[in-house]
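Asks: Here this note's numbering is used: the sequence shown runs in plain steps of one and ends on residue 550.
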Amino acid sequence: MNRQEQISKLQATKEFDICIIGAGATGAGIALDATMRGLKVLLIDKGDFAGQTSSKSTKLIHGGVRYLEQAVKKLDWEQFKMVRKSLRERETLLKNAPHLTRPLALITPCFNLFEGIYYTIGMKMYEWISGSQSIAKSEWLSKKETLNFIPELKAKRLSSGVLYYDGQLDDARYCLAIVQSAEANGAVVLNHAEALKFSKNEDNGKLKSLNIKDLIVGNEFTINSRVFVNATGPFADSIRKMASSKLKPRIKVSRGAHVVLPREVMKGDTAILVPKTDDGRVIFMIPWQDQVLVGTTDEADELSENPKLEDYERTYLLEYVNRYFEKTVTLDQIKSGFAGLRPLLQAQLQTAMNSDTKSLVRDHEVEIDRRSKLVSIMGGKWTTYRLMAKDTLDEIYKEVLKKEIVKCTSEHQILHGGENYHFEDWQNLVYQYNISDWTAQHLVKKYGSKAKNVLQLTDNQKDLKELLNPEHPFIKAEVIYAIQEEMATTVDDVLERRLGLKLRDEVVSKAVEPYVQEVLMKNN
Ligand SMILES: Cc1cc2nc3c(=O)[nH]c(=O)nc-3n(C[C@H](O)[C@H](O)[C@H](O)COP(=O)(O)OP(=O)(O)OC[C@H]3O[C@@H](n4cnc5c(N)ncnc54)[C@H](O)[C@@H]3O)c2cc1C
C-alpha cells in the first residue's frame, strides 16, 4: 500500500459507490465487506488507520462476561443474544487473522466459597452459550492450582480461582490487516485525509459529494459517491451534523485507561479478571506481548482527539494490581499507558437504569438520515466489527441503493498476513536470514506470512537487521516496511501502531524517534 498511489487512484475515480469516513475497526470492516460485494469503495481517515479508539482497547475478543451477568440479572434477552453473537464472532476473528490473535486463558481469583460457586456457574454458562465455538472448558480451580497458573498472586486470602477462555488481538495491526485486505480487493484507502464538507443535490437534499483535505500535503479533493457512510466512532455526531444540522446528538463517550507493566510482574501466560472493583468496574491484568496490560477504567468524559492517561488513573489501576499481587508494584515501574473513548449510543443511555456508563450494552445501530441519506453506524465493540459492517451494508442495499442485498461473505475472508500462516515458519527465517529466534518469532507474530517481505529489505542492506533497541526484538527494516508498504506517514504511525513500541515502552520509543524521523524524511 502506497499513499501516492492511493491519491492517484482517488483522483482517477469519477464516482465511488460508497465513501466511508473513519478507518477504525468499523470503517475498515465496512470497506472490506463492500469490496467483497463488488462495490467501488473509498475509505478515509483524518488520522491514521486505527488512530483513535480502535488501537486503545483492552485487546480482548470477547462475548462480555459482564454483559452476560447483566443479562441474567435483568432477564434481558436482547443482551443475552448480543453475548451469543459476540461469542460467534470471537471464533471468526481468531480464525481470520491467526498471526494477530490468540486464545487467552483468564482466571477470576475467588476469596470465599460463595464467589467460587457464583463465578463457576457464570463461566460455565458463558462456555455453554458459546456452544461449538467454545475455546476450551472452564474450570473451578483449587487455591494450589490457581497459584500454579499465577504464582505472583497474593496467597493469603485466596480460596480458589475460576479459569475460563476468551481471545486476544493486536488491535492496531488487526485494523491495518482489514484495511490492507480491502485495498487488495480494490478499495482506495487514505489515512490523514479529513472529511470537511458535504454538497447536496438541490432537488432532494441527498448527499452528492464530499470535500476532503489531505492533511499531509495540504491538498483538497472533491469526492463523488452514491453513498456516504459515517463510521467515525466517538466523532459520529460531528459528521451527522455536517450532513444535517437538524440531527440531535446520539453519542456519549466513556473514557477507559490502561497501564503497561513489565513482564516480571506476571510471568505466566494466564490473565486475571477482577470481576468487581469497589466502584463496580471490571479490571483485567493481561499478559500482552512482552508486557502486562492492566485496565480499564470506565467513566463519562468529553470528546477529545488524543485523550492522555492521567496520574489518578495510574494510581487507581496500580491500587488493584497491588491488592492482587504479593510483590508491590510501584508507579515508576509503569512502562507505558494509554486512554481511549468508547462510542456509546444515547438511546442506550436513556434506557439504562441510570446514566452510569458502566451499565450500558455496547451494541450498535445503523441510522439512515431520511433526507441526506447519510448512513451512520454507531456504538458496538471491536469483537463485533464484522457484524456491524454486515448490518450497515445490508441496510444500504435495502434503504439507499434500493437493490437486492448482495450476500456478505466476509466471515471466511482470511486477512492480510493470515494466508498460509504457520507460527513455526520463524525457524526458516532464522536459518534463511541469520536473525535471532526472538526477532524471528516477533516478526512472524506481527506480519504473519508477510514477515519474509520485511526481511527481504535486508537483502541488499544488511544493517537493516540491526535491532532498534537491545531491549526489544524490533529491527530497523520494520521502520522502512511501515513507511513503504503500510502507509505509515508520521512518527506515531510507525512507533505507536505499525510497530506498537510506544504502547509497550515509552522511554525506548522516545529514544528511537529521531531515527524514525530521519527514515521518514528520506522516504518521503
Ligand atoms: C478503553 C477501551 C477498551 C475497550 N476494550 C475492548 C475490548 O477489549 N474488546 C472489544 O471488543 N472492544 C473494546 N472496546 C471497544 C472498541 O475499541 C470500539 O468499539 C471500537 O474500536 C470502535 O471502533 P470505531 O471504528 O467505531 O471507532 P474509532 O476506532 O474511533 O474510529 C473512528 C475513526 O474516525 C476518524 N474520524 C473522525 N472524524 C473524522 C473526519 N472528519 N474525517 C475523517 N475521519 C474522521 C477518526 O480519526 C477515527 O480513526 C474498548 C474501547 C475502549 C475505549
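In this text, a Cβ means the ideal position worked out from N, Cα and C, and glycines have one as well.
Every value quoted in this text rests on a predicted model; they were computed, and no experiment measured them.
1) Tell me whether the segment 135 to 147 and the segment 183 to 190 touch, counting them as touching only if at least three CB pairs, one residue from each stretch, are closer than 8 Å.
2) To the nearest angstrom, how far is it from the Cα of K384 to the Cα of E325?
3) Tell me, to the nearest whole angstrom, how far the beta carbon of S251 is from that of L68; I am working on the premise that it is less than 8 Å.
4) What's the call for R396, buried or exposed, on a 16-neighbour Cβ count within 10 Å?
5) Out of curiosity, what's the CA-to-CA distance linking C45 and F254?
6) Could you tell me which uninterrupted alpha helix (DSSP H) segments, each at least 4 residues in length, are contained entirely in the segment 465 to 539, listed from first to last along the chain?
7) Hey, how far is the Cα of G106 from the Cα of M151?
8) Which ranges would you report for the alpha helix (DSSP H) in the segment 195 to 263 if only whole runs of at least 4 residues count?
9) Report the residue from S264, A131 and I56 whose alpha carbon sits nearest the alpha carbon of D420.
10) Is the beta carbon of D531 sitting closer than 7 Å to the one on K361?
11) Measuring from the CB of E246, is there a heavy atom of ligand 1 at a distance below 6 Å?
12) Closest to T79 by C-alpha separation, out of S330, I298 and V355, would be which residue?
13) What does a CB cutoff of less than 8 Å around H498 pick up in its chain, not counting 5 residues either side in sequence?
14) Output needed for A54: all residues of its chain with C-beta closer than 6 Å, excluding positions within five of it in sequence on either side, in chain order.
15) How about K121: is its Cβ closer than 6 Å to a heavy atom in ligand 1?
16) Can you check which of these residues, L469, D102, T296 and G148, is closest to I176 by C-alpha distance?
17) Among G366, D489 and L469, whose alpha-carbon lies nearest the alpha-carbon of R524?
18) Looking at ligand 1, does it come within less than 6 Å of E492, judged from the CB to the closest heavy atom?
19) Between D358 and V392, which are expected to be in contact by the criterion C-beta below 8 Å, what is the C-beta distance as a whole number of angstroms?
20) Assess contact between the segment 157 to 171 and the segment 208 to 225, defined as three or more Cβ pairs (one per stretch) separated by less than 8 Å. Is contact present?
21) Would you tell me roughly how many angstroms separate the C-alpha atoms of L222 and I242, rounded to the nearest one?
22) Starting from S34 and walking both ways along the beta strand (DSSP E), at which residues does that stretch end?
23) Around the Cβ of D74, are there at least 16 other Cβ atoms within 10 angstroms (buried) or fewer (exposed)?
24) Grab the span of the beta strand (DSSP E) containing T127 for me, first residue to last.
25) Does the beta-carbon of M62 have 16 or more other beta-carbons within 10 angstroms, so that it is buried, or is it exposed?
26) Within the segment 89 to 165, note down every full alpha helix (DSSP H) run reaching 4 residues or more, in order along the chain.
27) Give the range of the alpha helix (DSSP H) segment to which K416 is assigned.
28) How many Å lie between P135 and E290 at the Cα?
29) Taking the C-alpha atoms as reference points, what is the distance between M379 and L233?
30) Reducing DSSP to helix, strand and coil, say where K180 ends up.
31) Hey, R368 and G282 are a contact pair by Cβ (cut 8 Å); roughly how many whole angstroms apart?
32) Are three or more beta carbon pairs between the segment 398 to 416 and the segment 263 to 278 nearer than 8 Å?
33) Helix, strand or coil: which one does DSSP assign to A378?
34) Quick one: is the Cβ of G259 within less than 6 Å of any heavy atom of ligand 1?
35) Buried or exposed, going by whether 16 or more other CB atoms sit within 10 Å of the CB of E228?
36) By alpha-carbon positions, which one of A49, K226 and D192 ends up nearest to G90?
Replies: Per the coordinate set shown:
1) Taking a contact to require three or more Cβ pairs closer than 8 Å, the segment 135 to 147 and the segment 183 to 190 qualify as touching.
2) Counting from one through the sequence shown, the residue named residue 384 turns up at place 358. Counting from one through the sequence shown, the residue named residue 325 turns up at place 299. Any answer about K384 is weak, because its pLDDT of 43 lies below 50 and its placement is not dependable; what the coordinates show is given next. Between the alpha carbons of K384 and E325 lies a gap of roughly 7 Å.
3) The residue you call residue 251 lines up with position 225 of the sequence shown. The residue you call residue 68 lines up with position 42 of the sequence shown. Rounded, the Cβ-Cβ distance is 7 Å, consistent with contact.
4) In the sequence shown, the residue the question calls residue 396 occupies position 370. Counting C-beta atoms within 10 angstroms of its own C-beta, R396 has fewer than 16 neighbours from the protein chains shown and is therefore classed as exposed.
5) Position 19 of the sequence shown, counted from the start, is the residue given in the question as residue 45. Position 228 of the sequence shown, counted from the start, is the residue given in the question as residue 254. Between C45 and F254, the C-alpha separation is close to 5 Å.
6) Whole alpha helix (DSSP H) segments, 4+ residues: 477 to 482, 503 to 511 and 527 to 530.
7) Walking along the sequence shown from the start, residue 106 turns up at place 80. Walking along the sequence shown from the start, residue 151 turns up at place 125. The residue you asked about is not Gly; residue 106 is Phe in the sequence shown. Taking the straight line from one Cα to the other gives about 11 Å.
8) Within the segment 195 to 263, the complete alpha helix (DSSP H) runs of at least 4 residues are 197 to 210.
9) Taking the first residue of the sequence shown as position 1, residue 420 is located at position 394. With distances taken between CA atoms, D420 lies nearest to I56 out of S264, A131 and I56.
10) Position 505 of the sequence shown holds residue 531. Position 335 of the sequence shown holds residue 361. A contact, by the Cβ cut-off of 7 Å.
11) Translated into positions along the sequence shown, residue 246 becomes position 220. A distance criterion of 6 Å places the beta-carbon of E246 beyond contact range of ligand 1, judged by its closest non-hydrogen atom.
12) Taking the sequence shown and counting its residues from 1, one reaches residue 79 at position 53. Considering only alpha carbons, the answer is S330.
13) Your numbering for residue 498 matches position 472 in the sequence shown. Here the set comprises D316, L527, R530, D531 and V534.
14) Here residue 54 refers to the residue found at position 28 when the sequence shown is read from its first residue. C201, I204 and V205, listed in sequence order.
15) As a working note, residue 121 is residue 95 in the sequence shown. Result no, Cβ not under 6 Å from ligand 1.
16) Reading the sequence shown from its first residue, position 150 is the one you call residue 176. Selected option, being the one with the closest Cα: T296.
17) Locating residue 524 in the sequence shown gives position 498, counting from the first residue. Checking every option, the nearest Cα to that of R524 belongs to L469.
18) Working through the sequence shown from its first residue, we reach residue 492 at position 466. No; taking the cut-off as 6 Å, the Cβ of E492 has no heavy atom of ligand 1 nearer than that.
19) Residue 358 sits at position 332 when you count from the first residue of the sequence shown. Residue 392 sits at position 366 when you count from the first residue of the sequence shown. About 47 Å separates the two Cβ atoms, so there is no contact after all.
20) Contact annotation: the segment 157 to 171 does not touch the segment 208 to 225, with fewer than three C-beta pairs closer than 8 Å.
21) Along the sequence shown, read from residue 1 onward, the residue named residue 222 stands at position 196. Along the sequence shown, read from residue 1 onward, the residue named residue 242 stands at position 216. Answer to the nearest angstrom: the Cα atoms are 15 Å apart.
22) Your numbering for residue 34 matches position 8 in the sequence shown. Counting along the chain, no beta strand (DSSP E) covers S34; the unbroken alpha helix (DSSP H) around it starts and ends at R29 to A38.
23) Your numbering for residue 74 matches position 48 in the sequence shown. Burial is judged here by how many other beta carbons sit within 10 angstroms of a residue's own beta carbon; D74 has at least 16 and is buried.
24) Reading the sequence shown from its first residue, position 101 is the one you call residue 127. From DSSP, the beta strand (DSSP E) with T127 extends over T127 to C136.
25) Counting from one through the sequence shown, the residue named residue 62 turns up at place 36. By the neighbour-count definition (other C-beta atoms within 10 Å, threshold 16), M62 is a buried residue.
26) Whole alpha helix (DSSP H) segments, 4+ residues: 91 to 99, 103 to 122 and 139 to 156.
27) Taking the first residue of the sequence shown as position 1, residue 416 is located at position 390. It spans Y411 to E421 - the alpha helix (DSSP H) in which K416 sits, taken as one unbroken run.
28) Counted from its first residue, the sequence shown places residue 135 at position 109. Counted from its first residue, the sequence shown places residue 290 at position 264. If I take the Cα positions, the gap works out to 20 Å.
29) Mapped onto the sequence shown, residue 379 falls at position 353. Mapped onto the sequence shown, residue 233 falls at position 207. The predicted position of M379 is uncertain, since its pLDDT is 36 and thus under 50; a value taken from the coordinates is nonetheless stated next. Looking at the two C-alpha atoms, the distance is approximately 37 Å.
30) On the sequence shown, position 154 is the one that residue 180 refers to. Reduced to three states, the DSSP call for K180 is coil.
31) Taking the first residue of the sequence shown as 1, we reach residue 368 at position 342. Taking the first residue of the sequence shown as 1, we reach residue 282 at position 256. Sure, about 6 Å apart at Cβ, within 8 Å.
32) Look at the beta carbons and you see the segment 398 to 416 touching the segment 263 to 278: at least three pairs across the two are nearer than 8 Å.
33) For the purposes of this step, residue 378 is taken as residue 352 along the sequence shown, with counting starting at 1. In this prediction, A378 scores a pLDDT of 41, lower than 50, which makes its location untrustworthy; the coordinate-derived value is nonetheless stated afterwards. Residue state, collapsed to three classes: coil.
34) Looking up residue 259 in the sequence shown gives position 233. Correct: G259 has its Cβ closer than 6 Å to ligand 1.
35) The residue given as residue 228 occupies position 202 in the sequence shown. Counting Cβ neighbours within 10 Å, E228 comes out exposed, since fewer than 16 surround it.
36) By 1-based counting over the sequence shown, the position of residue 90 is 64. The shortest Cα separation from G90 among A49, K226 and D192 belongs to D192.
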